[in-house]
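Counted the way this note's numbering counts, the sequence shown spans residues 243 to 591. We put the CB at the ideal spot given by N, CA and C, even for glycine.
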Amino acid sequence: MKMYYNWEKMTNTEELRVVCNLIRNGEIIIFPTETVYGIGANALDANAVGKIFAAKGRPSDNPLIVHLADRNKIQEVAQDITEVEQELIDNFMPGPFTLILKRKPIIPDIVTAGLDTVAIRIPENIIAKGIITYSGVPIAAPSANISGKPSGTKIEDIRKELEGKVSAIVDGGETKIGIESTVVKVIDEVPVVLRPGKITPEQIDAVIGRVRIDKNILGTLNKDEVAESPGMKYKHYAPETSCKLVYCKDELDQIFYLKKFIKQYDGDVVVIGVEEHKEKLFLDDQRFISVGKKDNLEDYARNIFSALRKADQIKSSKIIIEGVKMEGLGYAIMNRLIRTCEHDFFEKQ
Ligand code: TXA
Ligand code: MG
Numbered sequence: 243m244k245m246y247y248n249w250e251k252m253t254n255t256e257e258l259r260v261v262c263n264l265i266r267n268g269e270i271i272i273f274p275t276e277t278v279y280g281i282g283a284n285a286l287d288a289n290a291v292g293k294i295f296a297a298k299g300r301p302s303d304n305p306l307i308v309h310l311a312d313r314n315k316i317q318e319v320a321q322d323i324t325e326v327e328q329e330l331i332d333n334f335m336p337g338p339f340t341l342i343l344k345r346k347p348i349i350p351d352i353v354t355a356g357l358d359t360v361a362i363r364i365p366e367n368i369i370a371k372g373i374i375t376y377s378g379v380p381i382a383a384p385s386a387n388i389s390g391k392p393s394g395t396k397i398e399d400i401r402k403e404l405e406g407k408v409s410a411i412v413d414g415g416e417t418k419i420g421i422e423s424t425v426v427k428v429i430d431e432v433p434v435v436l437r438p439g440k441i442t443p444e445q446i447d448a449v450i451g452r453v454r455i456d457k458n459i460l461g462t463l464n465k466d467e468v469a470e471s472p473g474m475k476y477k478h479y480a481p482e483t484s485c486k487l488v489y490c491k492d493e494l495d496q497i498f499y500l501k502k503f504i505k506q507y508d509g510d511v512v513v514i515g516v517e518e519h520k521e522k523l524f525l526d527d528q529r530f531i532s533v534g535k536k537d538n539l540e541d542y543a544r545n546i547f548s549a550l551r552k553a554d555q556i557k558s559s560k561i562i563i564e565g566v567k568m569e570g571l572g573y574a575i576m577n578r579l580i581r582t583c584e585h586d587f588f589e590k591q
């Protein structure tokens, strides 16, 4: 049976019917969203959702996000929605935003890892929207990658990792944003960011008048601490090659320290960084992967996961990654990179 569908230019309605039937029949598929690709299954079918955990090698205590076609569907899977939650829904959904709500019993335990809450997202990507709408069921979907690896933003990266483990792959081209959605839970009427993303704390504050950032976002959890979001305690976004993150506020310092670390590994490194630095570091295309122009955080976010995979293929002693200023989208990027580098982070403010 056909397995790969290219809808980059246009969704094929006949094929859409086939793919949606797979979902309804309890199969799992890879599909694009505006953030990253997802591996989706009918969220109401525990057996189908089990296939996602198996394909990713995902720990069973890490819950999945339930994707809906529009806001009207929220009350079918969640209940007791508060005023603050409703305001967040009205302002940020559809979009790259996930809200943790009190769950309804219709959602099987395997989706929420037994929690009494459920994560809800309404993607704005037209292919995602089409698949959810015509499947007629909510779709549980984590990012399309083997657990612990960078999220999938391009089909060629994802195929290498997951081909043969799913029933269909829908290609919608490179994902627009490139890092996963902002995850928020309202606690005592305060929106708390559990995972930063394209929707920034500043934007949430502008709407609600208050916002908090979970203290575990940039740090590590203590062994006995219970995470507000179970995903926080796992290794994430990490290639096989060990990585080092470098960020100096001053441009000259940045070049100085990058050179120093390159030398430390006798040049057997791959640098992931901004285009302008390639020549300053005297590196060729094998040793330097560009994530775009300096200060263009949108390009950085879009390119970073694919760059990590590319760098990993070179099998060097170290991948050295240029960090960015921790504000706005930069905060979300650094949240991912600190995990990629397992806290091997050199910083000079
Ligand atoms: O952009 C995205 O969010 C992508 C696309 C495919 O929608 N999905 C995604 O899913 O990144 P995943 O599974 O890779 O990350 C979901 C995160 C995990 O860190 C998980 O622990 C957290 O959301 N999460 C899910 N349900 C939760 C819940 N009920 N309470 C707290 N955290 C939850
Ligand atoms: Mg993920």
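Run the proximity test for VAL453: is its beta-carbon closer than 6 Å to any non-hydrogen atom belonging to ligand 1?
Residue mapping note: residue 453 aligns to position 211 of the sequence shown, counting from 1. No, since every heavy atom of ligand 1 falls outside the 6 Å radius drawn around the Cβ of VAL453.
ARG401: which of LYS344, SER548, THR253 sits nearest, CA to CA?
Indexing the sequence shown from 1 puts residue 401 at position 159. The option with the nearest alpha carbon to ARG401 is SER548.
Grab the span of the alpha helix (DSSP H) containing ALA370 for me, first residue to last.
Position 128 of the sequence shown, counting from 1, holds the residue named residue 370. Residues 368–377.
Return helix, strand or coil for LYS502, following the three-state DSSP convention.
Translated into the one-based positions of the sequence shown, residue 502 becomes position 260. In the structure shown, LYS502 sits in a helix (DSSP, three-state: H, G or I).
Just list the beta strand (DSSP E) runs in the stretch 273–325, keeping only unbroken ones of 3 residues or longer that don't cross its boundaries, in chain order.
280–284, 307–309, all fully within the stretch 273–325.
At a cut-off of 6 Å, would you count SER385 as near ligand 2, judging by its Cβ distance to the nearest heavy atom?
Translated into the one-based positions of the sequence shown, residue 385 becomes position 143. Flag set: Cβ of SER385 near ligand 2.
May I ask you to list the residues that DSSP assigns as paired with ASN248?
Here residue 248 refers to the residue found at position 6 when the sequence shown is read from its first residue. For ASN248, which the question treats as bridged, DSSP gives the partners ASP413.
Using alpha carbons as the reference points, say which of VAL488, SER409, PHE339, ALA285 lies closest to LYS427.
Position 185 of the sequence shown holds residue 427. Checked all of VAL488, SER409, PHE339, ALA285; the closest Cα to LYS427 is PHE339.
Just how far apart, CA to CA, sit ASP554 and LEU341?
Position 312 of the sequence shown, counting from 1, holds the residue named residue 554. Position 99 of the sequence shown, counting from 1, holds the residue named residue 341. So the alpha carbons of these two residues sit roughly 33 Å apart.
Using the Cα positions of GLU276 and GLY372, report the straight-line distance between them to the nearest angstrom.
As a first step, residue 276 must be located in the sequence shown, where it is residue number 34. As a first step, residue 372 must be located in the sequence shown, where it is residue number 130. Whole-angstrom Cα-Cα distance: 13 Å.
Say the cut is 6 Å; is the CB of SER558 nearer than that to a heavy atom of ligand 1?
In the sequence shown, residue 558 corresponds to position 316, counting from 1. Every heavy atom of ligand 1 is 6 Å or more from the Cβ of SER558, so no.
Considering only heavy atoms of ligand 1, does any lie closer than 6 Å to the CB of THR359?
For this step, residue 359 is matched to residue 117 along the sequence shown. True, at least one ligand heavy atom lies under 6 Å from that Cβ.
Going by DSSP, name the residue or residues bridged to TYR242.
For residue 242 there is no data in the structure shown, the boundaries of the chain being 243 and 591.
Quick one: residues in its chain with C-beta nearer than 6 Å to the C-beta of GLU257, no 5 flanking neighbours on either side, listed in chain order?
Indexing the sequence shown from 1 puts residue 257 at position 15. Closer than 6 Å at the Cβ level, and outside the excluded window around GLU257, lie TYR247.
Less than 7 Å between the C-beta atoms of TYR507 and LYS560, yes or no?
As a first step, residue 507 is located in the sequence shown; it is residue number 265 there, counting from the start. As a first step, residue 560 is located in the sequence shown; it is residue number 318 there, counting from the start. Closer than 7 Å, so yes.
Which of the three DSSP states, helix, strand or coil, is assigned to VAL449?
For the purposes of this step, residue 449 is identified with residue 207 of the sequence shown, where counting begins at 1. If DSSP states are grouped into helix, strand and coil, VAL449 belongs with the helices.
Tell me the residue span of the beta strand (DSSP E) that contains LEU341.
For the purposes of this step, residue 341 is identified with residue 99 of the sequence shown, where counting begins at 1. Where LEU341 is concerned, the enclosing beta strand (DSSP E) stretches over 339–345.
Give the range of the alpha helix (DSSP H) segment to which GLU403 is assigned.
Here the question's residue 403 lines up with position 161 in the sequence shown. 397–404 is the extent of the alpha helix (DSSP H) around GLU403.
Give the DSSP-derived three-state secondary structure of LEU436 in the structure shown.
Looking up residue 436 in the sequence shown gives position 194. Three-state result, LEU436: strand.
Quick check on DSSP: helix, strand or coil for ARG529?
As a first step, residue 529 is located in the sequence shown; it is residue number 287 there, counting from the start. Three-state result, ARG529: coil.
In the DSSP assignment, find the unbroken beta strand (DSSP E) run with ILE349 in it and report its ends.
Numbered from its first residue, the sequence shown carries residue 349 at position 107. Here ILE349 belongs to no beta strand (DSSP E), and DSSP marks it neither H nor E.
Counting along the chain, where does the beta strand (DSSP E) carrying ALA543 start and finish?
Taking the first residue of the sequence shown as position 1, residue 543 is located at position 301. Element bounds for ALA543: not the beta strand (DSSP E) but the alpha helix (DSSP H), 539–555.
In chain order, what residues of the same chain lie with their CB nearer than 7 Å to the CB of ILE388, ignoring the 5 residues before and after it?
Position 146 of the sequence shown holds residue 388. Correct list, in chain order: LYS298, GLY299, GLU403.
At a cut-off of 6 Å, is ASN304 close to ligand 1 when judged by its beta-carbon and the heavy atoms of the ligand?
Stepping through the sequence shown from its first residue, residue 304 is reached at position 62. The answer is yes for ASN304.
Under the DSSP definition of a beta bridge, which residues are partnered with ALA382?
As a position in the sequence shown, residue 382 is number 140, starting the count at 1. ALA283, VAL308.
To the nearest angstrom, report how far apart PRO481 and LYS552 are at their CA atoms.
As a working mapping, residue 481 is identified with position 239 in the sequence shown. As a working mapping, residue 552 is identified with position 310 in the sequence shown. So the two alpha carbons sit approximately 10 Å from each other.
Classify LYS418 as helix, strand or coil using the three-state DSSP reduction.
Position 176 of the sequence shown, counting from 1, holds the residue named residue 418. Coil.
Cα-Cα, which of PHE588, PRO380, ILE374, ILE556 is closest to VAL360?
Against the sequence shown, residue 360 aligns to sequence position 118. Measuring from the Cα of VAL360, the nearest candidate turns out to be PRO380.
Helix, strand or coil, according to DSSP, for VAL512 in the structure here?
As a working note, residue 512 is residue 270 in the sequence shown. Strand, per DSSP.
Taking the alpha helix (DSSP H) that ILE580 belongs to, which residues open and close that run?
Residue numbering aside, residue 580 sits at position 338 when the sequence shown is read from its first letter. Here the alpha helix (DSSP H) through ILE580 covers 571–582.
With H, G and I counted as helix, E and B as strand and the rest as coil, what does DSSP make of THR253?
As a first step, residue 253 must be located in the sequence shown, where it is residue number 11. Of the three classes helix, strand and coil, the one that applies to THR253 here is coil, per DSSP.
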